[in-house]
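Below is one structure, written out as structure tokens; the observations come after it.
2 protein chains.
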Amino acid sequence: MPRSNPNPRLEDVARAAGVSLATASRALSEPGMVRADTRGRVEQAAAMLGYVPHGAARALATSRTRTIGAVFPPVDNPIFAGATHALAQELAAAGYTMLLASYDYDLDDELAAVRALVGRGADGMVVVGLDHRPETLAVLERAGVPWEITWSLDESGRHHCIGFSHRGASIRVAQHLLDLGHREIAVIAGDTKRNDRARERLAGVKDALAARGVKLPPKRVIEVDFSVANGRAGFAKLLERAPGFTAVIGGNDPLAIGALFECRDRGIDVPGQMSIAGFDDIELAGELAPGLTTVRVPSAEIGREAGRRLLARLAGKAVPRIKEMPAPLVVRGTTGPPPKKGRLK
Amino acid sequence: MPRSNPNPRLEDVARAAGVSLATASRALSEPGMVRADTRGRVEQAAAMLGYVPHGAARALATSRTRTIGAVFPPVDNPIFAGATHALAQELAAAGYTMLLASYDYDLDDELAAVRALVGRGADGMVVVGLDHRPETLAVLERAGVPWEITWSLDESGRHHCIGFSHRGASIRVAQHLLDLGHREIAVIAGDTKRNDRARERLAGVKDALAARGVKLPPKRVIEVDFSVANGRAGFAKLLERAPGFTAVIGGNDPLAIGALFECRDRGIDVPGQMSIAGFDDIELAGELAPGLTTVRVPSAEIGREAGRRLLARLAGKAVPRIKEMPAPLVVRGTTGPPPKKGRLK
DNA sequence: GCTCGAAATGAAAGCGCTTGCACGCAGGGT
DNA sequence: ACCCTGCGTGCAAGCGCTTTCATTTCGAGC
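Protein chains in written order, with my numbering: chain A, 3 to 347; chain B, 3 to 347.
Okay, here's the thing in structure tokens:
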């Protein structure tokens, strides 16, 4: 069938309603400026023709796209997936759409993504963490695109951000283990080079231990990419390299769960012989038996709130620069006092 | 600091290069039409000014946005997260950007999302599964936006699609259990009302059992939303409602894992007393002990390939309407022969 | 019924880019 | 020497909408 009316334009609506282009435009986007009956006619005409405003044209005229860019590390990390989902929903509710780009922790890719999204006219941008190429924020700055940093808190106070102190949360985890009596602690950290969250989490552990005069020898720290498999492998390696620890902290839950599984396979009792703590509180953490002691990261809330803040700022409202989210320690079954006597092995 | 040059326009580039607007445009987007030295001057000028093409203007002039819409069920399901990540990467590599909307299995929301993305000028659209409001595809049709159905295969041959037969894969799972000797089988299915994948998976089990003369009483089937917690609860309910089964099939891996955990908590030996199979092969499935028997769903490949196909079609290339992906059964430790004598409980 | 100010409407100028068409110029055939 | 071809370039007309400014209409007050 030949498409008889290839997408009606506003002009068609105006003609059908017997008003001018300008009036039709106002009737649809600024209802208050038009008399009720006129508006009615326009709306009716629009409905009848199945009129859909042309986004690009509107964007060109207003230099607003009603689109928000989001640049995330691999969305297949459940923690980010939840956040993007919540963000998308929040934006959709306000008539905005999310432009999503994801990068594999490569900051040059992130920069490229930000450039692309700015070129697409994103009205605002959500980025993750504090580690970026210097140009990344400069591009946003120059283009006049407001951005929101998520997950981490920017101490300098220069940027709008929403998140929590990874160091602080990590300190709580370490203190919990210290309070239980652990003195020999190991860490399976994420990649601290490209990722301020992993770096801060590791630093938190170091701080907490140092504050109580407990050492964290380099051999007791291993860095891997986030995954269950790497958690297993990392734990095995720690055991081989520097045995004798009674507790291990995972840089995130999948890593901790990997360690847990490895213990199970090796017949190491958790928490009898080995305590394990994670970070993020993914769904699984609470379903395991024993449940994983971890830090609850409100990822969906962060996504939702980041969207809200950005929209508020675009609407000209003032928004506190820093929004700290709670990240409480959730104590479950994988942590307990260290074995009474002797050490593992 | 005052923004001295608020975003250079193509005109500025042209002036700097000493050519006309038209030539500058061609130099940047159709290199072949311009003499090498001219092109060089333009490129240099563009680089010097930090010129970024204005997406909306280009879109208006070409009626192409280099943007692909993706409308997914909750991206926090790891299986979809992997697919969107792969899709985004594939598109980015070709200079396209992904507009992502997600909906909570509510088809009206899906329709609204598709409308929004079409309004934003998406050049193509990726949708999931076969269940849609009739208007959804009509909107795409009318707007002339090509779409790709993922996950499911459209038997009617009317739509471009990439996925696999959920029924077929499900049959393989059921046959595997039948071959092991199971005759009393239960199913924790997803919501079959709003979701053709869940429906087909359940139908596959029914078909396979029926083909061998095995009954699947309604009491042995329970429908829940996808999650580990619901898998647990569902399993518990089945046990209460219709005990005596020796195997349970989860509508996806989280459900199966929930059942597995519930068994563990109740001291039911897997696979000694109870066999469990899932669907999707998420990372965790292989890391559990015993490993979960499941169907490997190539979700990242589906995302990547959907992107490729759409881009190829936009480039005018012919693409086979249907692309079937492999979805092999992966047998691990959670399935084994039914207990020799007597039944559970 | 008339005047005046406010409210509603219309005409038209862009927003930044692409692209059909026209034009100028170099080179090859006759 | 001439015309024709064809490449490389420039001119200018949009793409579909918003928005300023001018104009018309309306309603209230006298």
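Note that the Cβ used here is the ideal one computed from N, Cα and C, for glycine as well.
(Q) Within 10 Å of its beta-carbon, does ASP282 of chain B have 16 or more other beta-carbons around it, so buried, or fewer, so exposed? (A) buried
**Q.** Where ALA210 of chain A sits in the DSSP three-state scheme
**A.** helix
**Q.** Under the three-state DSSP convention, the category GLY215 of chain A falls into
**A.** coil
Q.
Considering only the alpha carbon of each residue, which of B:ARG268, B:ARG169 and B:LEU286 lies closest to GLY253 of chain B?
A. B:ARG169
Q: Mind the definition here: the region 106-118 of chain B touches the region 320-331 of chain B only if three or more C-beta pairs lie below 8 Å; say whether that holds.
A: Verdict: no, contact absent.
Q) When the Cα of GLU1 of chain A is compared with those of A:ALA279, A:LYS319, A:ALA48 and A:GLU264, which residue comes out closest? A) One cannot answer for residue 1 of chain A here, as it falls past the ends of chain A, which runs 3 to 347.
**Q.** Contact list for LEU51 of chain A against chain B, beta-carbon separation under 8 Å
**A.** Under the 8 Å cutoff, chain B gives no residues; its nearest Cβ is about 12 Å from LEU51 of chain A.
Q: Please classify VAL321 of chain B: does DSSP put it in a helix, a strand, or coil?
A: When DSSP states are grouped into helix, strand and coil, VAL321 of chain B belongs to the coil group.
(Q) Closer than 8 Å between beta carbons: that is the criterion. Which residues of the region 262-286 of chain B meet it against chain A? (A) PHE263, ARG266, ASP267, GLU285 and LEU286
Q) In whole angstroms, what separates the C-alpha of ASP125 of chain A from that of VAL321 of chain B? A) ASP125 of chain A and VAL321 of chain B have their alpha carbons spaced roughly 35 Å apart.
Q.
Let me confirm a value: GLY192 of chain B is counted as buried when at least 16 other C-beta atoms fall within 10 Å, else exposed. Which label applies?
A. GLY192 of chain B is buried by the Cβ-count criterion.
Q: Please decide whether THR67 of chain B counts as near chain A, where near means a Cβ-Cβ distance under 8 Å.
A: yes
Q) Since GLU150 of chain B is in the beta strand (DSSP E), which residue starts that stretch and which ends it? A) 149-153
Q.
Using DSSP's beta-bridge definition, name the partner residues of CYS265 of chain A.
A. DSSP, once it has assigned bridges, lists no residue as partnering CYS265 of chain A.
**Q.** LEU346 of chain B versus PRO340 of chain B: straight-line alpha-carbon distance, rounded
**A.** With a pLDDT of 45 at LEU346 of chain B, under the threshold of 50, the modelled position of this residue cannot be trusted; read the value that follows with caution. For LEU346 of chain B and PRO340 of chain B, the distance between alpha carbons rounds to 10 Å.
Q. What residue range is occupied by the uninterrupted alpha helix (DSSP H) comprising ALA19 of chain B?
A. 12-19
Q) Between ARG10 of chain B and LEU51 of chain B, is the Cβ-Cβ spacing less than 8 Å? A) It is Pro, not Arg, that sits at residue 10 of chain B in the sequence shown. Yes, Cβ-Cβ distance for PRO10 of chain B and LEU51 of chain B is below 8 Å.
Q) Mind checking whether the beta-carbon of GLY71 of chain A lies closer than 7 Å to any heavy atom of the ligand NAD? A) As far as ligands go, the structure on display features none, and thus does not contain the ligand NAD.
Q) Is the region 150-169 of chain A touching the region 213-233 of chain A in the sense that three or more CB pairs, one from each, lie closer than 8 Å? A) no
Q.
So the candidates are A:ILE81, A:ARG185 and A:VAL44; which of them puts its Cα closest to the Cα of ARG298 of chain A?
A. A:ILE81
Q) With distances taken between CB atoms, is the gap from ILE251 of chain B to VAL332 of chain B smaller than 8 Å? A) no
Q | Listed by chain order, chain A residues near THR99 of chain B by CB distance under 8 Å | A | LEU101, ALA103, ALA118, LEU119 and ARG122
Q. Do ALA249 of chain A and MET276 of chain A have their C-beta atoms within less than 8 Å of each other?
A. Yes; because the gap between Cβ atoms is below 8 Å, this pair is in contact.
Q.
So that I know if they touch, is there some Cβ in chain B lying closer than 8 Å to that of SER229 of chain A?
A. yes
Q.
So, for ALA145 of chain A: in the same chain, excluding its five sequence neighbours on each side, which residues have a beta-carbon less than 8 Å away from its beta-carbon?
A. VAL120
Q) Can at least three beta-carbon pairs, one atom from the region 18-30 of chain B and one from the region 206-215 of chain A, be found at a separation below 8 Å? A) Flag = no, the region 18-30 of chain B and the region 206-215 of chain A do not touch.
**Q.** Beta-bridge partners of HIS296 of chain A, as assigned by DSSP
**A.** With the sequence shown as reference, residue 296 of chain A is identified as Thr, and His is not the correct amino acid for it. Answer is A:VAL332, bridged to THR296 of chain A.
Q: Give the interface partners of ASN9 of chain B over in chain A, defined as CB-CB distance under 9 Å, in chain order.
A: Chain A residues near ASN9 of chain B: ARG144, ALA145 and GLY146.
Q: Within its chain, find whatever has a CB closer than 7 Å to the CB of VAL141 of chain B; leave out the 5 residues flanking it on each side and keep chain order.
A: VAL116, ARG117 and VAL120
Q | Length-filtered (3 minimum) beta strand (DSSP E) runs lying within the region 70-116 of chain B | A | 99-104
Q: With 8 Å as the threshold, decide whether the Cβ of LEU62 of chain A is near any Cβ in chain B.
A: yes
**Q.** Proximity test, Cβ basis, 8 Å: GLY206 of chain B and chain A
**A.** Taking Cβ atoms only, chain A never reaches closer than 8 Å to GLY206 of chain B, which makes this a no.
Q.
Run through chain B and tell me which residues come within less than 8 Å of PRO55 of chain A, C-beta to C-beta.
A. GLY121
(Q) Measuring only the C-alpha atoms, how far is TYR98 of chain A from THR337 of chain B? (A) 47 Å
Q. Is the beta carbon of GLY84 of chain A less than 8 Å from the beta carbon of SER301 of chain A?
A. yes
(Q) Suppose you measure from the CA of MET3 of chain A to the CA of VAL147 of chain B; what does that come to, to the nearest Å? (A) Any reading at MET3 of chain A must be qualified, since the residue scores a pLDDT of 31, below 50, and its modelled position is unreliable; the value itself is stated next. Near 16 Å, if we compare the C-alpha coordinates of VAL147 of chain B and MET3 of chain A.
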